[in-house]
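Student:
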Amino acid sequence: MQSVVTRLVRCRPHHHRFAARHECSYVSLENGVMAAGEDFGGSVAAVGVSIGQGSRYETAETNGLSAVVHAAALKEASAQVAKLGGTVTGKVGRESSTYVATVLKKHASAAAAALSAAVSTPPSTSAFEAAKASVLAKIGELPTNEEAIIEEMQQCAYLDTAMGMPVYGSAESVAKLKASDAAMGSSKGVPFVATAGGDLAQVVEAFASIPAAASSSSVVPAPSAPPKAIFTGSDKKIYYESLPVARFAFAYEFPSLDSEHAAACRLLPYLLTPAKGAYASKTSCYETYNSHVKIVRDHAEQNCVETATPFYLPFTDSALFGIALTAKDVRVEDCSWYTCNNLVRLCFELSEAELARAKLAFQSDLLASFASPGNVVTAYLDDLRVAGRAVAAPELVQRVNDLDLKALKNLAYTFIHDNDHALAAIGPLHELPDYNWFRTATYNYHY
1 MQSVVTRLVR CRPHHHRFAA RHECSYVSLE NGVMAAGEDF GGSVAAVGVS IGQGSRYETA
61 ETNGLSAVVH AAALKEASAQ VAKLGGTVTG KVGRESSTYV ATVLKKHASA AAAALSAAVS
121 TPPSTSAFEA AKASVLAKIG ELPTNEEAII EEMQQCAYLD TAMGMPVYGS AESVAKLKAS
181 DAAMGSSKGV PFVATAGGDL AQVVEAFASI PAAASSSSVV PAPSAPPKAI FTGSDKKIYY
241 ESLPVARFAF AYEFPSLDSE HAAACRLLPY LLTPAKGAYA SKTSCYETYN SHVKIVRDHA
301 EQNCVETATP FYLPFTDSAL FGIALTAKDV RVEDCSWYTC NNLVRLCFEL SEAELARAKL
361 AFQSDLLASF ASPGNVVTAY LDDLRVAGRA VAAPELVQRV NDLDLKALKN LAYTFIHDND
421 HALAAIGPLH ELPDYNWFRT ATYNYHY
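Just so you know, the sequence shown maps onto residues 1 to 447 in the numbering used here.
#1: Restricting to Cα atoms, I'd like to know which of ALA229, PRO274, VAL377 is closest to ALA45.
#2: Looking at PHE254 and LEU423, is the spacing between their C-beta atoms short of 7 Å?
#3: Hey, ALA101 and LEU115 are a contact pair by Cβ (cut 8 Å); roughly how many whole angstroms apart?
#4: Starting from LEU104, follow the beta strand (DSSP E) in both directions and report where the run begins and ends.
#5: Leaving out five residues before and five after LEU432 in sequence, what residues of the same chain have Cβ atoms less than 8 Å from its Cβ?
#6: Which of helix, strand or coil does DSSP assign to ASP258?
#7: Note the first and the last residue of the continuous alpha helix (DSSP H) segment covering VAL88.
#8: So which of LYS359, GLN398, PHE311 has the shortest CA-CA distance to GLU146?
#9: Grab the span of the alpha helix (DSSP H) containing ARG385 for me, first residue to last.
#10: Considering only their Cβ atoms, is the gap separating ARG56 from PRO226 smaller than 7 Å?
#11: Taking the runs of the beta strand (DSSP E) that are 3 residues or longer, which of them lie wholly in the segment 140–205?
#12: If you run the structure through DSSP and keep just helix, strand and coil, what is PHE128?
#13: Would you say the segment 290–307 touches the segment 255–262, given that touching needs at least three Cβ pairs under 8 Å?
#14: For a test of the three-state rule: what should DSSP assign to ARG10, helix, strand or coil?
#15: For ALA507, name the three-state secondary structure that DSSP assigns.
#16: Between the Cα of ARG389 and those of PRO269, LYS409, PRO191, LEU346, spot the shortest distance and give me the residue it belongs to.
#17: Helix, strand or coil, according to DSSP, for GLU352 in the structure here?
#18: To the nearest angstrom, report how far apart PHE231 and PRO314 are at their CA atoms.
#19: So does the segment 197–212 actually touch the segment 25–41, counting three or more Cβ pairs closer than 8 Å?
#20: Could you check the C-alpha separation between THR442 and SER318 for me, to the nearest Å?
#21: For LEU272, I'd like the list of residues in its chain whose CB is within less than 6 Å of its CB, leaving aside the five on either flank, ordered along the chain.
#22: Determine the extent of the alpha helix (DSSP H) in which SER66 is found, giving its start and end residues.
#23: Please state whether DSSP places ILE230 in a helix, a strand or coil.
#24: Ordered along the chain, which non-local residues of its own chain (more than five positions away) have a Cβ less than 7 Å from that of GLY93?
#25: Can you tell me which residues form a DSSP beta bridge with ASP235?
#26: What three-state label does DSSP hand SER336 in the structure shown?
#27: Looking at C-beta atoms only, is the number of pairs between the segment 348–362 and the segment 388–405 that lie closer than 8 Å three or more?
#28: Give, in chain order, every unbroken run of the alpha helix (DSSP H) that is at least 4 residues long and sits entirely within the segment 295–332.
#29: Measuring only the C-alpha atoms, how far is THR195 from ALA127?
#30: Helix, strand or coil for SER134, going by three-state DSSP, please let me know.
#31: Buried or exposed for SER96, please, with buried defined as at least 16 other CB atoms from any protein chain shown within 10 angstroms of its CB.
#32: Roughly how many whole angstroms lie between the Cα atoms of ALA72 and SER209?
#33: Round the Cβ separation of VAL330 and ASN444 to the nearest angstrom and send it over; I've been treating them as touching at under 8 Å.
#34: For ALA46, report the span of its beta strand (DSSP E) as first-last.
#35: By Cβ distance, which residues of its chain are closer than 6 Å to GLY164, with the 5 residues on each side in sequence left out?
#36: Among residues of its own chain, excluding the 5 on either side of LYS138, which ones have a beta-carbon nearer than 7 Å to its beta-carbon?
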């Protein structure tokens, strides 16, 4: 044990080199484009753009249009960047559509030009129809993975509001979409650009031709002030007895990244897991019964969880904190009980040792994530959209390290204890408790 501790201590100076390297620069163009970037070692760079194109800006008739346009633009951008020897990834959500290209540094400006052209040119009829077919196929899939069940939960969280409309629309709305719908008007959202390793001035130059306050006619029209995100406590259950396990996710409304609680919100998931992501590791090097995290030990002792993933999802005027779970059909109630009990425990029984471990896990995950230029760009684009500025890794680490137990307990007590939640579930759910049970389970009479 002493040798392990010694190695950990000796690794600490690397954090200083890490902090010195990750410094963020900003550029703003006359057309409203805001860009952030940082130098990045190595020969690879990433360039990304995020535009105000998502289901939140759609109507019932156009629901799914953002997903179709994003699929078409992503395919076009991928084809162009592939000629440079790079790749493009992307994601469409409720508030934005994101495209990130990873290429050699010498091709960063050309990749930026390819992304700019893809988001500023309306898709052809054939490209639009092909993208529509792919979106329709996705709509027809059951929500049997973690990402899909969290999406279902978000629809419950903002029920009957624009924020709660499905990201990919409905089969009926998407089937009626036409290529001409993608050119109905211009988005009023300001595009955000980020790069890691590319020359910021040259990268931004590729987006200088985008019209002011709009990315292009290919972007789904967005109002200057989107409808307010109104959280509604509700649940959705899809009974599917033939599935091998029950999968469910529930969450609470939390403050977003522009609030005083931003650092605590980022750290909170790490109090519920030894590392980011599902903790159902089966390797001989990891034993859940001896975990540092109490919820992991409880789940292991009761053998009531297959996977569990806490998450924090920030938006511009709202956010969700919760946990996604899978459990065997006869263990769902125990899974629900021990999970709720540990969520309430965050309000009262956190220890200094748990907080220190969570901070270390957060820093380790951040270090690993920011080793990739694509991850840096994605993080900066999210920060620009939600918080109004990119938050560099050294600042994140410092703000998290400054947190104390009182800040975490107050956050949990204010937004979890005795609060409404949103839940979505699929599978054999005969043991899943009802809404009032979950609501009561987050009030701890003992304290």
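No residue lacks a Cβ here, since even glycine has one placed at the ideal position from N, Cα and C.
Since we're looking at a predicted model, the values are computed, not measured.
Tutor: So, to answer that:
#1: Taking the sequence shown and counting its residues from 1, the one referred to as residue 45 is at position 45. Comparing Cα-Cα distances from ALA45 to each of ALA229, PRO274, VAL377, the minimum goes to VAL377.
#2: In the sequence shown, residue 423 corresponds to position 423, counting from 1. In the sequence shown, residue 254 corresponds to position 254, counting from 1. By the CB criterion at 7 Å, LEU423 and PHE254 fall outside the cutoff.
#3: Walking along the sequence shown from the start, residue 101 turns up at place 101. Walking along the sequence shown from the start, residue 115 turns up at place 115. Your pair ALA101 and LEU115 checks out as a contact, with CB atoms roughly 6 Å apart and the cut at 8 Å.
#4: The residue labelled residue 104 in the question sits at position 104 within the sequence shown. Counting along the chain, the beta strand (DSSP E) containing LEU104 begins and ends at 97–104.
#5: The residue you call residue 432 lines up with position 432 of the sequence shown. Excluding residues within five positions, the ones whose Cβ falls inside 8 Å are LYS237, ALA246, PHE248, VAL332, GLU333, SER336, ALA425.
#6: Numbered from 1 along the sequence shown, position 258 holds the residue referred to as residue 258. ASP258 carries a coil assignment under DSSP once its states are collapsed to helix, strand and coil.
#7: Mapped onto the sequence shown, residue 88 falls at position 88. Per DSSP, VAL88 belongs to no alpha helix (DSSP H); it is in the beta strand (DSSP E), 87–92.
#8: Stepping through the sequence shown from its first residue, residue 146 is reached at position 146. Closest in alpha carbon position to GLU146, among LYS359, GLN398, PHE311, is PHE311.
#9: Counted from its first residue, the sequence shown places residue 385 at position 385. From DSSP, the alpha helix (DSSP H) with ARG385 extends over 373–386.
#10: Here the question's residue 226 lines up with position 226 in the sequence shown. Here the question's residue 56 lines up with position 56 in the sequence shown. Yes, they are a contact pair.
#11: Qualifying beta strand (DSSP E) stretches, in chain order: 192–196.
#12: Counting from 1 along the sequence shown, the entry for residue 128 is found at position 128. Here DSSP, grouped into helix, strand and coil, assigns PHE128 to helix.
#13: As far as the Cβ criterion goes, the segment 290–307 does not touch the segment 255–262, which means the pair count is below three.
#14: Position 10 of the sequence shown holds residue 10. Residue placement at ARG10 is flagged as unreliable, the pLDDT there being 34, under the threshold of 50; a coordinate-derived value is accordingly withheld.
#15: Absent from the structure is residue 507, since the part of the chain shown begins at 1 and ends at 447.
#16: Walking along the sequence shown from the start, residue 389 turns up at place 389. Cα-wise, what sits closest to ARG389 is PRO191.
#17: Walking along the sequence shown from the start, residue 352 turns up at place 352. Three-state DSSP puts GLU352 in a helix.
#18: What you label residue 231 is simply residue 231 of the sequence shown in a count that begins at 1. What you label residue 314 is simply residue 314 of the sequence shown in a count that begins at 1. Straight-line Cα distance between these residues: approximately 13 Å.
#19: The segment 25–41 and the segment 197–212 touch, with three or more beta-carbon pairs separated by less than 8 Å.
#20: Against the sequence shown, residue 442 aligns to sequence position 442. Against the sequence shown, residue 318 aligns to sequence position 318. C-alpha separation (whole angstroms): 21 Å.
#21: Within the sequence shown, numbered from 1, the residue matching residue 272 stands at position 272. Annotation for LEU272: ILE295, PRO310 place their beta carbon closer than 6 Å to its own, counting only its chain and skipping 5 residues before and after.
#22: Translated into the one-based positions of the sequence shown, residue 66 becomes position 66. Where SER66 is concerned, the enclosing alpha helix (DSSP H) stretches over 65–82.
#23: Numbered from 1 along the sequence shown, position 230 holds the residue referred to as residue 230. ILE230: coil per DSSP, three-state reduction.
#24: Locating residue 93 in the sequence shown gives position 93, where the first residue counts as 1. The beta carbon of GLY93 sits closer than 7 Å to the beta carbons of GLY54, VAL167 from its chain, once the five residues preceding and following it are set aside; these are given in chain order.
#25: Counting from one through the sequence shown, the residue named residue 235 turns up at place 235. Answer by DSSP bridge pairing, in chain order: LEU423.
#26: Indexing the sequence shown from 1 puts residue 336 at position 336. Helix.
#27: Verdict: yes, contact present.
#28: With a minimum length of 4 residues, there is no unbroken run of alpha helix (DSSP H) contained wholly in the segment 295–332.
#29: Indexing the sequence shown from 1 puts residue 195 at position 195. Indexing the sequence shown from 1 puts residue 127 at position 127. One alpha carbon belongs to THR195, the other to ALA127, and they sit about 28 Å apart.
#30: The residue you call residue 134 lines up with position 134 of the sequence shown. In the three-state reduction of the DSSP assignment, SER134 falls in the helix class.
#31: If you number the sequence shown from 1, residue 96 lands on position 96. So SER96 counts as buried.
#32: For the purposes of this step, residue 72 is identified with residue 72 of the sequence shown, where counting begins at 1. For the purposes of this step, residue 209 is identified with residue 209 of the sequence shown, where counting begins at 1. If you take the alpha carbons of ALA72 and SER209, they lie about 21 Å apart.
#33: Residue numbering aside, residue 330 sits at position 330 when the sequence shown is read from its first letter. Residue numbering aside, residue 444 sits at position 444 when the sequence shown is read from its first letter. Not confirmed; about 26 Å, so no contact.
#34: The residue you call residue 46 lines up with position 46 of the sequence shown. Element bounds for ALA46: 44–51.
#35: Counted from its first residue, the sequence shown places residue 164 at position 164. Correct list, in chain order: GLN155, TYR158.
#36: Within the sequence shown, the letter at position 138 stands for residue 138. Apart from sequence neighbours up to five positions away, the residues of its chain that approach LYS138 with a beta-carbon distance below 7 Å are TYR168, ordered along the chain.
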